[in-house]
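Chains as they are written, first to last, in this note's numbering: chain A, 27 to 320; chain B, 27 to 320; chain C, 16 to 242; chain D, 16 to 242.
Glycine residues also receive a C-beta, built at the ideal position from the N, C-alpha and C atoms.
All figures in this text were calculated on a predicted structure; none of them were measured in a lab.
Down below is the structure, laid out as structure tokens.
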Ligand SMILES: Nc1ncnc2c1ncn2[C@@H]1O[C@H](COP(=O)(O)OP(=O)(O)OP(=O)(O)O)[C@@H](O)[C@H]1O
Ligand SMILES: Nc1ncnc2c1ncn2[C@@H]1O[C@H](COP(=O)(O)OP(=O)(O)OP(=O)(O)O)[C@@H](O)[C@H]1O
Ligand SMILES: [Mg+2]
Ligand SMILES: [Mg+2]
């Protein structure tokens with residue numbers, strides 16, 4: 027029996043070609059936009075993780091600490107739990123970095139400052155988990171020889187707040203697109219079925235059960251959903267792959283790494299197929315219902 | 027005669043209520059997403075202008091210039107063409123600003139620096155047109171008493187490049203949405219008309235001219251487009267207004283001003299109405315054509 | 016087989032189509048339903064396969080209580096009937112063959128579909144139009160496909176609403192012979208018709224409906240509407 | 016009025032519906048077109064209002080050369096005719112009144128629409144069904160609305176495809192009286208029919224089509240298809 031329904035579904039799709047193209051087109055273009063938004067969202071999330079991964083604790087050592095003692099402290103910190111990396115920055119390196127950081131605008135101002143100005147030795151510590159940055163900073167404070175610890179708490183908080191605002195806007199937009207896609211797809215299926223309400227009524231009058239009528243429509247809706255998801259998926263994956271290859275896997279200007287094609291493709295395929303197929307079927311069931319009451 | 031067509035269009039819309047609701051819904055939700063994207067895009071453009079407006083030329087005066095001479099130079103620069111504003115920053119103020127700018131991470135490092143370190147007096151000059159910043163800087167270089175001029179050329183260029191990438195991504199997305207909206211709306215109208223192809227054929231067989239048949243359909247498409255544009259316009263304008271009032275006209279975290287409601291509403295209304303109405307009509311004309319050949 | 020007791024039908028727009036119909040049609044009866052245009056013949060027939068629900072009164076068809084029938088059971092009722100609709104109601108996307116086969120597929124018949132459909136098409140003389148879509152058939156050909164569909168699954172009751180309205184006299188008599196043969200095998204036939212010739216020649220029971228009421232119910236009756 | 020010279024019609028699916036029809040129908044003629052189901056009567060009629068284009072041959076209707084007619088001119092041809100379609104072709108979203116009025120609105124008539132529509136509805140006896148949608152009318156009532164629509168704008172030629180197929184004999188004779196009256200006023204009437212009674216009683220010219228050819232063309236002819 028399933029064989030008949032599948033056959034009928036495919037047959038309807040083909041005989042009804044004009045309408046089928048319109049429906050598949052509507053589903054495809056809706057999912058294309060949604061998919062593009064998802065691609066950006068996935069990468070933005072990856073970026074925010076990448077940026078969070080840059081968070082660091084600056085540990086300033088006391089003036090009287092010698093180079094040898096400093097190396098000892100480095101070892102000690104390295105052995106603490108929850109630490110990913112420890113980097114030692116000497117006074118001299120520190121001055122160079124300060125010069126660079128202050129940058130062009132105030133560069134000449136520093137010209138008057140002698141290198142003799144005593145900068146302290148510094149350790150740059152990264153937590154294994156960016157969220158633990160502040161906790162790690164507190165623990166390091168207790169290590170002897172350590173003068174001041176700066177976890178950049180303010181910067182951290184401001185950055186995380188900014189990223190969360192960005193994420194929320196993005197999320198709201200993607201959710202909006204998702205709801206839109208679902209509405210539009212089920213709407214398209216609805217209109218398609220509406221235009222065939224007389225046929226449904228006739229089938230009912232000839233003695234067909236509700237499921238006998240539903241199945242071919244559902245296979246058809248499923249096919250529309252599947253093709254309508256496959257087309258934009260192909261376009262997006264190929265487009266993203268060529269972009270990825272073109273820029274060498276790193277987003278220019280912002281210089282942060284893009285997600286590899288394979289990682290993105292699976293998620294994208296899942297979301298798009300899920301929407302295409304299941305919204306199609308659900309929309310189909312809901313709108314056939316109206317016309318089965320004969 | 028126009029009266030009849032308008033009347034028939036409205037009548038069809040009402041009698042065909044199920045399909046009408048579906049069509050208006052599809053148009054409305056498409057334009058809602060497009061409108062939201064446009065609102066963000068308008069504000070992003072405004073932001074990039076705002077940021078560009080922050081561009082400035084730092085003019086460092088020679089050490090020997092007295093406060094009185096400095097005031098004279100300020101007046102001179104102010105009278106040059108293409109200048110929006112000139113702000114005088116004394117040595118002392120300059121040091122405070124440097125402290126602030128260096129920020130938390132390196133703050134204690136500066137503790138060792140005495141205020142006696144000779145910072146030069148400084149003028150902060152803004153060009154009337156941000157793009158002219160570099161040109162203005164060159165002209166100021168020629169003024170006597172000026173030591174160095176820093177237009178931050180590197181920063182300017184990097185910032186402008188970053189903004190243009192952002193703008194391009196946004197533009198591509200909005201354009202994509204625009205095309206989608208146009209496709210979906212004309213597709214919806216197409217399906218609506220397809221489901222009434224028999225009626226069109228009958229009218230033709232009874233002796234109606236093509237335009238006699240088209241007009242009621244077009245008024246109907248126009249009404250669908252209009253209502254489908256008005257609903258999301260109302261939602262977006264009210265939503266944006268309440269957001270604007272809620273945050274006091276300034277976007278939090280980034281602290282840049284939002285566009286006022288009135289400025290946004292007109293553009294939004296224009297774009298949405300244009301798409302809703304004209305895409306509706308165009309889609310209508312194109313798809314009726316098929317069925318008029320009887 | 017078919018039993019109606021004081022059946023009324025008011026349409027939602029206020030038209031009272033039937034006003035107290037009581038009738039009994041036994042197994043293997045052959046009944047003509049006659050009456051002027053708009054008298055209520057189609058309504059009378061639509062109640063039997065539950066296209067319309069009665070406003071008042073009891074209807075039993077093949078043991079189903081129409082007024083109390085659960086929606087789930089309606090397909091079972093309809094499968095026990097063969098219905099020729101006044102407006103044919105062919106599925107526009109299916110060929111003539113597929114339209115007839117549909118009535119067999121609906122009941123889950125798997126075997127001999129091909130043979131049985133060919134046979135039904137042969138009864139109505141349209142074997143060579145098997146692969147044509149309804150919109151490419153003449154009016155009379157469409158009507159004959161509708162008849163073939165009603166006959167194909169050997170129903171116990173045939174209900175036909177003006178099955179010869181679009182047929183020439185010769186073809187009409189061909190169809191009547193098929194109905195007669197099926198009736199001889201024990202199938203009940205209920206047929207609304209305007210065809211005076213047929214009613215007056217092939218004499219059967221005649222139920223005349225006028226203005227929603229049974230005006231006459233005669234065994235071996237005549238059409239009796241002279242101009 | 017209507018002139019056909021060696022007209023052939025092959026449908027795209029290969030059916031040859033007409034094979035060399037030549038006929039002349041003059042002003043205020045009254046012609047019955049008879050023939051078995053699928054003979055080509057409807058095709059013959061569809062060519063006159065250019066629903067179908069001839070494959071070969073020349074057709075002139077009311078001075079229009081059908082084969083060479085520009086699409087822009089087709090509405091003018093159709094407005095000069097009143098057509099009753101075999102499948103009615105009523106607009107489903109318009110009431111009975113609006114369906115009839117549509118034929119007047121199409122020609123740009125502004126005045127007296129109400130009076131003329133009422134009059135046409137009166138001819139077919141359906142004034143009290145004016146505000147009903149087609150799907151809420153009986154088969155015969157729908158057919159009569161289709162007839163009223165064809166008559167309402169006083170065409171010079173009435174083309175009717177089985178206009179009494181769904182009507183009881185009494186109502187059919189009422190319609191025939193209207194056709195006769197209109198014909199007396201000088202309107203040409205071409206009517207495909209299976210109604211032997213009418214053809215043999217109200218004697219007119221009979222064109223018999225069989226297998227796409229004119230088998231017989233007699234003034235004051237008879238139906239001549241006995242069972
Ligand atoms: N649109 C079409 N496409 C293909 N074949 C067609 C089409 N319309 C009619 N035919 C075929 O052409 C032949 C003549 O059809 P036509 O409708 O003219 O017959 P008719 O004389 O009107 O019959 P009836 O009395 O049954 O209405 C038939 O064999 C029919 O199947
Ligand atoms: N769905 C409906 N809604 C409202 N009124 C209806 C509906 N169907 C039929 N009627 C009305 O009910 C009455 C009886 O209609 P019915 O179709 O039973 O007549 P009939 O005897 O079959 O006529 P015909 O010979 O013309 O087919 C008519 O007045 C008709 O207008
Ligand atoms: Mg009826
Ligand atoms: Mg015909």
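For ligand 4, I want to know if residue i counts as a neighbour, meaning its beta carbon is within less than 6 Å of at least one of the ligand's heavy atoms.
i: residue 101 of chain D; result: yes
i: residue 56 of chain D; result: yes
i: residue 227 of chain C; result: no
i: residue 29 of chain A; result: no
i: residue 154 of chain C; result: yes
Closer than 6 Å to a non-hydrogen atom of ligand 1 - does that hold for the CB of residue i?
i: residue 25 of chain D; result: no
i: residue 32 of chain D; result: yes
i: residue 8 of chain C; result: Because chain C spans 16 through 242 in this model, residue 8 of chain C falls outside it and cannot be assessed.
Name, please, each residue of chain A whose Cβ falls closer than 7 Å to the Cβ of residue i.
i: residue 308 of chain B; result: Under the 7 Å cutoff, chain A gives no residues; its nearest Cβ is about 16 Å from residue 308 of chain B.
i: residue 220 of chain B; result: 44, 45, 221
So which residues on chain D does residue i lean against when the C-beta distance must stay under 7 Å?
i: residue 228 of chain B; result: 104, 106
i: residue 238 of chain B; result: 121
Assign residue i to one of three DSSP states: helix, strand, or coil.
i: residue 77 of chain C; result: coil
i: residue 266 of chain A; result: helix
i: residue 209 of chain C; result: coil
i: residue 111 of chain B; result: strand
i: residue 226 of chain B; result: helix
i: residue 173 of chain C; result: strand
i: residue 206 of chain A; result: helix
i: residue 200 of chain B; result: helix
i: residue 156 of chain B; result: helix
i: residue 138 of chain A; result: Annotation note: pLDDT 47 at residue 138 of chain A (below 50); position unreliable, no value reported.
i: residue 221 of chain B; result: coil
i: residue 99 of chain A; result: helix
i: residue 67 of chain D; result: coil
Quick one: list the residues of chain A neighbouring residue i, beta-carbon separation under 9 Å, in chain order.
i: residue 122 of chain C; result: 233
i: residue 209 of chain B; result: 51, 52, 55
Run down chain B in chain order and give the residues with a C-beta less than 7 Å from the C-beta of residue i.
i: residue 79 of chain D; result: Chain B residues near residue 79 of chain D: none, gap ~13 Å exceeds 7 Å.
Could you tell me whether any non-hydrogen atom of ligand 3 is closer than 6 Å to the CB of residue i?
i: residue 187 of chain D; result: no
Can you find a heavy atom of ligand 2 that lies under 6 Å from the Cβ of residue i?
i: residue 179 of chain D; result: no
i: residue 28 of chain C; result: yes
i: residue 35 of chain C; result: no
i: residue 53 of chain C; result: yes
Looking at residue i and ligand 5, is the gap between the Cβ and the nearest heavy atom below 6 Å?
i: residue 262 of chain A; result: Annotation note on ligand 5: not contained in the displayed structure, which lists ligand 1, ligand 2, ligand 3 and ligand 4 as its ligands.
In chain A, which residues lie with their C-beta within 8 Å of the C-beta of residue i?
i: residue 203 of chain B; result: 59
i: residue 216 of chain B; result: 48
i: residue 66 of chain C; result: 231, 320
In chain D, what lies closer than 8 Å to residue i by C-beta?
i: residue 101 of chain C; result: 154, 181
Just checking, does the stretch 204-213 of chain C make contact with the stretch 172-191 of chain C on the three C-beta pairs under 8 Å criterion? yes
Just checking, does the stretch 236-250 of chain B make contact with the stretch 302-312 of chain B on the three C-beta pairs under 8 Å criterion? yes
Under 8 Å, with one C-beta from each stretch per pair, do the stretch 205-225 of chain A and the stretch 44-51 of chain A reach the 3-pair mark? yes
Looking at C-beta atoms only, is the number of pairs between the stretch 159-171 of chain C and the stretch 107-119 of chain C that lie closer than 8 Å three or more? Here the stretch 159-171 of chain C makes contact with the stretch 107-119 of chain C; the two share three or more CB pairs at distances below 8 Å.
Under 8 Å: do the stretch 43-55 of chain C and the stretch 81-90 of chain C share three or more Cβ pairs, one atom per stretch? no
Contact between the stretch 223-230 of chain C and the stretch 21-33 of chain D (3+ Cβ pairs under 8 Å): no
Cβ contact (3+ pairs, closer than 8 Å) linking the stretch 54-61 of chain B and the stretch 258-273 of chain B: yes
Is the stretch 28-39 of chain C touching the stretch 132-143 of chain D, taking contact as three or more C-beta pairs under 8 Å? No, they do not touch.
Quick check: the stretch 104-112 of chain B against the stretch 150-164 of chain B, are there 3 or more CB pairs under 8 Å? yes
Are three or more beta carbon pairs between the stretch 67-81 of chain D and the stretch 187-196 of chain D nearer than 8 Å? no
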